[in-house]
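If you're matching positions, the sequence shown starts at 77 in this note's numbering and goes up one per residue. Don't be surprised by glycine CBs; every beta carbon is placed ideally from N, CA and C.
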Amino acid sequence: MRTELEPAPPARIDPARLERIVTNLLDNAVRHGAAPITVATGTTGGYARLTVHDAGPGMPAQFLPHAAERFARADTARTTPGTGLGLSLVDAIVAAHDGHLWWCSGAAHHHPQPAPVPCTHPGAGTTVTVLLPAVPDSTGSAAIGE
Numbered sequence: 077m078r079t080e081l082e083p084a085p086p087a088r089i090d091p092a093r094l095e096r097i098v099t100n101l102l103d104n105a106v107r108h109g110a111a112p113i114t115v116a117t118g119t120t121g122g123y124a125r126l127t128v129h130d131a132g133p134g135m136p137a138q139f140l141p142h143a144a145e146r147f148a149r150a151d152t153a154r155t156t157p158g159t160g161l162g163l164s165l166v167d168a169i170v171a172a173h174d175g176h177l178w179w180c181s182g183a184a185h186h187h188p189q190p191a192p193v194p195c196t197h198p199g200a201g202t203t204v205t206v207l208l209p210a211v212p213d214s215t216g217s218a219a220i221g222e
């Protein structure tokens with residue numbers, strides 16, 4: 077696993093919820109992707125950004141719009157353990173914190189909550205991006221990348 081941890085501003089999110097986001101995204105990358113897996117943090121616009129990228133075969137483009145639905149699993153993932161709840165839980169946590177969740181696979185993008193920041197990632201594999209609004213006061217906040 078590789079890390080590219082740039083300082084990110086605090087975001088108003090419970091540290092346990094942030095841990096759940098990271099755990100679920102890493103679990104998906106390990107189960108369904110391939111090495112190297114890269115975790116990156118930083119600042120994009122007024123957002124704290126977390127990305128998890130794997131170099132695996134990616135998700136089929138036709139599955140991308142359904143990837144965060146509860147119990148959804150791509151046909152290629154049906155032979156591996158899991159319930160199809162990981163990304164849907166991440167989506168719910170991010171939405172509850174007024175954030176944005178994007179998942180892109182190869183050249184196909186899925187940005188159900190558009191944000192005024194660019195989507196950047198390698199052209200192969202799968203990249204999941206979490207954007208949480210940065211807050212000027214760190215009280216009750218977790219800093220991504222700490």
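Could you give the residue range of the beta strand (DSSP E) that holds residue i?
| i | result |
| --- | --- |
| Asp-130 | 123-130 |
| Ala-50 | The chain is shown only over 77 to 222; residue 50 falls outside these bounds and no answer can be derived. |
| Glu-80 | 78-81 |
| Thr-184 | Looking at the sequence provided, one finds Ala at residue 184 rather than Thr. Segment 184-186, the beta strand (DSSP E) holding Ala-184. |
Just grab the DSSP bridge partners of residue i for me.
| i | result |
| --- | --- |
| Ile-113 | Asp-130 |
On the three-state DSSP scale, how would you describe residue i?
| i | result |
| --- | --- |
| Arg-196 | Checking the sequence shown, residue 196 turns out to be Thr, not Arg. DSSP places Thr-196 in coil when its eight states are reduced to three. |
| Gly-118 | strand |
| Pro-86 | strand |
For residue i, which residues from the same chain have a beta carbon less than 6 angstroms from its beta carbon, with the 5 sequence-adjacent residues on both sides left out?
| i | result |
| --- | --- |
| Ala-137 | Ala-184 |
| Asn-104 | Gly-162 |
I'd like the span of the alpha helix (DSSP H) that includes residue i, first residue to last.
| i | result |
| --- | --- |
| Ala-105 | 91-108 |
| Val-204 | No alpha helix (DSSP H) contains Val-204, which is instead part of the beta strand (DSSP E) from 202-209. |
| Ala-171 | 162-172 |
Got a sec? Which residues, its chain only, sit under 7 angstroms from residue i by beta carbon, not counting five neighbours each side?
| i | result |
| --- | --- |
| Gly-122 | Pro-209, Ala-210 |
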